[in-house]
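Trainee:
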Amino acid sequence: MDQIAYRWYILFPNHHQGLQLNRELRKANIRNQISPTPREASSCCGISLIVEPDDLDRIGKIIEEYGISIDKIVKLPVKTDWQYRGI
Amino acid sequence: MADYRQMWTDLGMDLEKHDVLCEVLPDAFGGVFLSQQNRPAGMDFYDFVVSEIHGVRPAELIEHRQKGGKVFGTFCVYVPDEVVFAAGGIAAGLCGGSQFWVSGGEKVLPVNTCPLIKASVGARLDKTCPFFMIADMFVGETTCDGKKKAWEILSKEVPLHVIDVPQMKRDKDIAAFESEIKDFIKVVEGVTGNQVTPEKLGEAIKLINNKRRALQRLYNARKASPVPISGKDALLVTQIAFYDDPARCAQMANRLAEELEERISRGEGVFPADAPRIMISGTPMAIPNWKLHHIVETAGAAVVVEESCTGTRYFEHLVDESGQTIDEQVRALAERYMQTNCACFTPNPGRIEDIIRMADEYKVDGVIDVNLQFCNLYSTESYLVKNTLAEHNIPIMHIETDYSEQDYEQLRTRIEAFLEMVRK
Numbered sequence: 001m002d003q004i005a006y007r008w009y010i011l012f013p014n015h016h017q018g019l020q021l022n023r024e025l026r027k028a029n030i031r032n033q034i035s036p037t038p039r040e041a042s043s044c045c046g047i048s049l050i051v052e053p054d055d056l057d058r059i060g061k062i063i064e065e066y067g068i069s070i071d072k073i074v075k076l077p078v079k080t081d082w083q084y085r086g087i
Numbered sequence: 088m089a090d091y092r093q094m095w096t097d098l099g100m101d102l103e104k105h106d107v108l109c110e111v112l113p114d115a116f117g118g119v120f121l122s123q124q125n126r127p128a129g130m131d132f133y134d135f136v137v138s139e140i141h142g143v144r145p146a147e148l149i150e151h152r153q154k155g156g157k158v159f160g161t162f163c164v165y166v167p168d169e170v171v172f173a174a175g176g177i178a179a180g181l182c183g184g185s186q187f188w189v190s191g192g193e194k195v196l197p198v199n200t201c202p203l204i205k206a207s208v209g210a211r212l213d214k215t216c217p218f219f220m221i222a223d224m225f226v227g228e229t230t231c232d233g234k235k236k237a238w239e240i241l242s243k244e245v246p247l248h249v250i251d252v253p254q255m256k257r258d259k260d261i262a263a264f265e266s267e268i269k270d271f272i273k274v275v276e277g278v279t280g281n282q283v284t285p286e287k288l289g290e291a292i293k294l295i296n297n298k299r300r301a302l303q304r305l306y307n308a309r310k311a312s313p314v315p316i317s318g319k320d321a322l323l324v325t326q327i328a329f330y331d332d333p334a335r336c337a338q339m340a341n342r343l344a345e346e347l348e349e350r351i352s353r354g355e356g357v358f359p360a361d362a363p364r365i366m367i368s369g370t371p372m373a374i375p376n377w378k379l380h381h382i383v384e385t386a387g388a389a390v391v392v393e394e395s396c397t398g399t400r401y402f403e404h405l406v407d408e409s410g411q412t413i414d415e416q417v418r419a420l421a422e423r424y425m426q427t428n429c430a431c432f433t434p435n436p437g438r439i440e441d442i443i444r445m446a447d448e449y450k451v452d453g454v455i456d457v458n459l460q461f462c463n464l465y466s467t468e469s470y471l472v473k474n475t476l477a478e479h480n481i482p483i484m485h486i487e488t489d490y491s492e493q494d495y496e497q498l499r500t501r502i503e504a505f506l507e508m509v510r511k
């Protein structure tokens with residue numbers, strides 16, 4: 001049986017917090033990807049960060065160290081059936 | 088999460104309809120962009136801009152208006168942004184690249200109008216794009232018949248000034264465009280209440296030139312093999328350049344270009360060195376039209392340059408910065424803008440010469456000449472493009488398409504066959 005792959009999204013109260021965490025993670029060489037927030041994670045638009053689950057502990061420490069506000073961390077299955085569609 | 092709903096409500100937007108667009112963006116952006124490997128870190132900024140596409144920049148424009156500033160919405164690379172910035176205004180590109188807006192345009196336009204015009208009109212009439220709701224004035228031009236008539240419809244919504252772009256490039260046409268720029272200065276001064284002085288216009292010329300220099304630097308990096316950035320990412324940079332703050336645009340493009348230059352020095356690329364290198368020429372691809380680039384690059388080829396208004400036509404050629412008087416500066420502006428080779432001109436050999444020159448500069452293996460559906464100018468010119476490139480032994484295919492996904496698989500099949508032909 002195929003394993004379902006997941007992505008972890010960190011959501012923020014505003015983009016300033018998201019960009020700050022993105023910068024700090026880059027400095028610490030922790031992989032992260034700015035992404036539009038998927039609708040499954042929030043009904044509001046805006047940035048989120050996709051991170052690796054193995055890095056969550058280190059990321060938590062950086063969030064605490066720099067006093068960065070986050071809304072929540074959401075785990076969503078990776079969509080493997082996406083096909084191009086005209087937006 | 089950032090909640091822009093109050094801002095959109097205040098702009099008079101249709102939130103329910105707009106929400107449909109917000110819903111599909113994350114998946115589409117994820118599928119097209121985030122699925123790529125080894126993207127430059129400098130793309131973080133552009134990913135952020137898309138993530139907040141109808142939030143952060145509109146909020147900046149609203150703040151500018153609250154301080155008494157004016158916003159000018161533009162649709163073409165022939166509009167001299169320098170004039171707007173010299174008067175303390177902000178120019179923001181408004182071209183619509185979304186299929187989502189097309190049906191709104193079709194309510195008032197003939198169906199056989201190009202999707203860019205239909206989307207632009209639909210975005211305003213359906214009230215689903217904040218940029219179209221913020222602009223104090225739209226600035227149109229006469230680069231095609233469809234646009235000329237669309238301006239008459241849009242002018243019922245928002246004050247609209249039309250710049251008459253000449254259709255030939257004789258000395259008297261350049262002089263005529265000079266006169267058009269002087270008229271535009273008067274209009275912009277009237278809307279903003281600010282005078283365009285030689286000092287201010289000189290500063291604005293440098294501001295926009297710096298943006299062009301940064302984009303030129305970025306594109307120069309694409310000449311390397313292996314190519315250090317995907318065509319999709321480079322296209323996104325140019326698409327965002329149309330409405331971002333020009334100084335920030337230059338800063339971010341320079342930062343990205345620096346990273347790409349480091350990649351080049353390490354021989355690092357995002358495609359194998361033997362991947363086919365493709366030029367896309369023709370009509371503009373306004374955000375979020377990423378269709379053709381996605382097909383080409385998921386078929387294993389790299390788009391290394393766009394000969395289009397959302398490519399080299401946007402930033403090639405600088406305005407002479409030595410002018411000391413308004414007359415000298417306007418002459419320099421007219422001379423620079425009239426070097427741009429759009430299919431609206433007759434004859435237009437400069438565009439084909441550009442394609443041949445860039446095919447060499449970017450080490451192109453093949454050219455995909457594309458025009459948006461119903462764009463008669465580029466469609467007709469494709470005959471001359473095809474014949475001349477064939478004489479130079481440059482493989483070329485012509486495509487006519489729109490924003491929808493209906494022809495996606497047909498295009499994929501045709502492009503894969505073309506790539507098979509040019510593959511080394």
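Chains A and D supply the protein sequences, listed in that same order. Quick note: this note's numbering has the first sequence finishing at residue 87, numbered continuously throughout. Quick note: this note's numbering has the second sequence finishing at residue 511, numbered continuously throughout. Beta carbons are placed, not taken as given, at the ideal position from N, Cα and C, and that holds for glycine.
Closer than 7 Å by beta-carbon distance: list the chain A residues that pair up with Asp90 of chain D, in chain order.
Mentor: Translated into the one-based positions of the second sequence, residue 90 of chain D becomes position 3. The contacting residues are Cys44.
Trainee: What residue does the alpha helix (DSSP H) around Met220 of chain D start on, and which one ends it?
Mentor: Reading the second sequence from its first residue, position 133 is the one you call residue 220 of chain D. Here the alpha helix (DSSP H) through Met220 of chain D covers Pro217 to Ile221.
Trainee: Do His248 of chain D and Met224 of chain D count as a contact pair if the criterion is CB distance below 8 Å?
Mentor: On the second sequence, residue 224 of chain D is found 137 positions in, with the first residue counted as 1. On the second sequence, residue 248 of chain D is found 161 positions in, with the first residue counted as 1. For Met224 of chain D and His248 of chain D, yes; Cβs fall inside 8 Å.
Trainee: By Cβ distance, which residues of its chain are closer than 8 Å to Cys109 of chain D, with the 5 residues on each side in sequence left out?
Mentor: Translated into positions along the second sequence, residue 109 of chain D becomes position 22. These residues qualify, in order along the chain: His141.
Trainee: Shorter than 8 Å from the beta carbon of Ser317 of chain D to some beta carbon of chain A?
Mentor: Counting from one through the second sequence, the residue named residue 317 of chain D turns up at place 230. With 8 Å as the cut-off, Ser317 of chain D does not count as an interface residue toward chain A.
Trainee: Just the Cα atoms here: how many angstroms apart are Ser43 of chain A and Val78 of chain A?
Mentor: Here residue 43 of chain A corresponds to residue number 43 of the first sequence, with the count starting at 1. Here residue 78 of chain A corresponds to residue number 78 of the first sequence, with the count starting at 1. The straight-line gap from Cα to Cα measures roughly 19 Å.
Trainee: Is Gly183 of chain D a contact residue of the ligand ZN, with contact defined as CB to any heavy atom under 7 Å?
Mentor: This structure simply doesn't include the ligand ZN, nor any ligand for that matter.
Trainee: Given that Ser512 of chain D touches chain A, what residues does it touch there, using C-beta distances under 9 Å?
Mentor: Residue 512 of chain D falls outside the range modelled here, since chain D spans only 88 to 511, and no answer is possible.
Trainee: When you compare each of D:Trp95, D:Asp489 and D:Ala115 to Lys319 of chain D by their alpha carbons, which one comes out closest?
Mentor: Residue numbering aside, residue 319 of chain D sits at position 232 when the second sequence is read from its first letter. Considering only alpha carbons, the answer is D:Ala115.
Trainee: Per DSSP, what are the beta-bridge partners of Ser368 of chain D in this structure?
Mentor: On the second sequence, residue 368 of chain D is found 281 positions in, with the first residue counted as 1. According to DSSP, which records beta bridges pairwise, Ser368 of chain D is partnered with D:Glu394 and D:Asp456.
Trainee: For the alpha helix (DSSP H) containing Ile149 of chain D, name the first residue and the last one.
Mentor: Residue numbering aside, residue 149 of chain D sits at position 62 when the second sequence is read from its first letter. Element bounds for Ile149 of chain D: Val143 to Gln153.
Trainee: Does Tyr495 of chain D get closer than 8 Å to chain A when you measure Cβ to Cβ?
Mentor: Mapped onto the second sequence, residue 495 of chain D falls at position 408. Yes, its Cβ sits closer than 8 Å to a Cβ of chain A.
Trainee: Which residues in chain D have a C-beta closer than 7 Å to the C-beta of Ile47 of chain A? List them in chain order.
Mentor: Position 47 of the first sequence holds residue 47 of chain A. Near Ile47 of chain A (Cβ distances below 7 Å), the residues of chain D are Phe135, Ser138 and Glu139.
Trainee: What three-state label does DSSP hand Leu464 of chain D in the structure shown?
Mentor: Mapped onto the second sequence, residue 464 of chain D falls at position 377. The answer is helix: DSSP assigns Leu464 of chain D an H, G or I state.
Trainee: Which residues of chain A have a Cβ atom closer than 9 Å to the Cβ of Cys462 of chain D, listed in chain order?
Mentor: For the purposes of this step, residue 462 of chain D is identified with residue 375 of the second sequence, where counting begins at 1. Chain A residues near Cys462 of chain D: none, gap ~17 Å exceeds 9 Å.
Trainee: 8 Å is my cut-off, CB to CB: does Ala115 of chain D come that close to chain C?
Mentor: Looking for chain C here will not work: the only protein chains present are A and D.
Trainee: Return the residues of the stretch 339-353 of chain D that lie within a Cβ-Cβ distance of less than 7 Å from chain A, sorted by chain order.
Mentor: none
Trainee: Compare the C-beta of Leu294 of chain D with all C-beta atoms of chain A and state if any pair is closer than 8 Å.
Mentor: Taking the second sequence and counting its residues from 1, the one referred to as residue 294 of chain D is at position 207. False, the Cβ-Cβ gap to chain A never drops below 8 Å.
Trainee: Which of the three DSSP states, helix, strand or coil, is assigned to Pro53 of chain A?
Mentor: The residue labelled residue 53 of chain A in the question sits at position 53 within the first sequence. Helix.
Trainee: Please report the straight-line C-alpha distance between Thr325 of chain D and Pro127 of chain D, rounded to a whole angstrom.
Mentor: As a position in the second sequence, residue 325 of chain D is number 238, starting the count at 1. As a position in the second sequence, residue 127 of chain D is number 40, starting the count at 1. If you take the alpha carbons of Thr325 of chain D and Pro127 of chain D, they lie about 16 Å apart.
Trainee: Could you work out which residue in D:Val454, D:Glu384 and D:Phe162 is closest to Val119 of chain D when comparing CA atoms only?
Mentor: Here residue 119 of chain D corresponds to residue number 32 of the second sequence, with the count starting at 1. Ranking the options by Cα distance to Val119 of chain D, first place goes to D:Glu384.
Trainee: Does the beta carbon of Val111 of chain D come closer than 8 Å to any beta carbon on chain A?
Mentor: Taking the second sequence and counting its residues from 1, one reaches residue 111 of chain D at position 24. At a cut-off of 8 Å between beta carbons, Val111 of chain D contacts chain A.
Trainee: Any contact of the stretch 204-223 of chain D with the stretch 256-266 of chain D, i.e. 3+ C-beta pairs under 8 Å?
Mentor: Between the stretch 204-223 of chain D and the stretch 256-266 of chain D there are fewer than three C-beta pairs closer than 8 Å, too few to call the two in contact.
Trainee: In the DSSP assignment, what residue or residues form a beta bridge with Ile10 of chain A?
Mentor: Within the first sequence, the letter at position 10 stands for residue 10 of chain A. According to DSSP, Ile10 of chain A bridges with A:Leu49 and A:Ile73.
Trainee: Which chain A residues sit within Cβ distance under 8 Å of Tyr330 of chain D?
Mentor: Translated into the one-based positions of the second sequence, residue 330 of chain D becomes position 243. None at all; the shortest Cβ gap to chain A is about 17 Å.
Trainee: Is DSSP giving Met508 of chain D helix, strand or coil here?
Mentor: Stepping through the second sequence from its first residue, residue 508 of chain D is reached at position 421. Met508 of chain D falls in the helix class under three-state DSSP.
Trainee: Are there 16 or more other CB atoms within 10 angstroms of the CB of Leu56 of chain A, so buried, or fewer, so exposed?
Mentor: Numbered from 1 along the first sequence, position 56 holds the residue referred to as residue 56 of chain A. Exposed, because fewer than 16 other Cβ atoms sit within 10 Å of the Cβ of Leu56 of chain A.
Trainee: Would you check if there are 3 or more beta carbon pairs closer than 8 Å linking the stretch 169-179 of chain D to the stretch 279-290 of chain D?
Mentor: Contact holds: three or more Cβ-Cβ distances are below 8 Å.
Trainee: Does DSSP classify Pro36 of chain A as helix, strand or coil?
Mentor: Residue 36 of chain A sits at position 36 when you count from the first residue of the first sequence. Reduced to three states, the DSSP call for Pro36 of chain A is strand.
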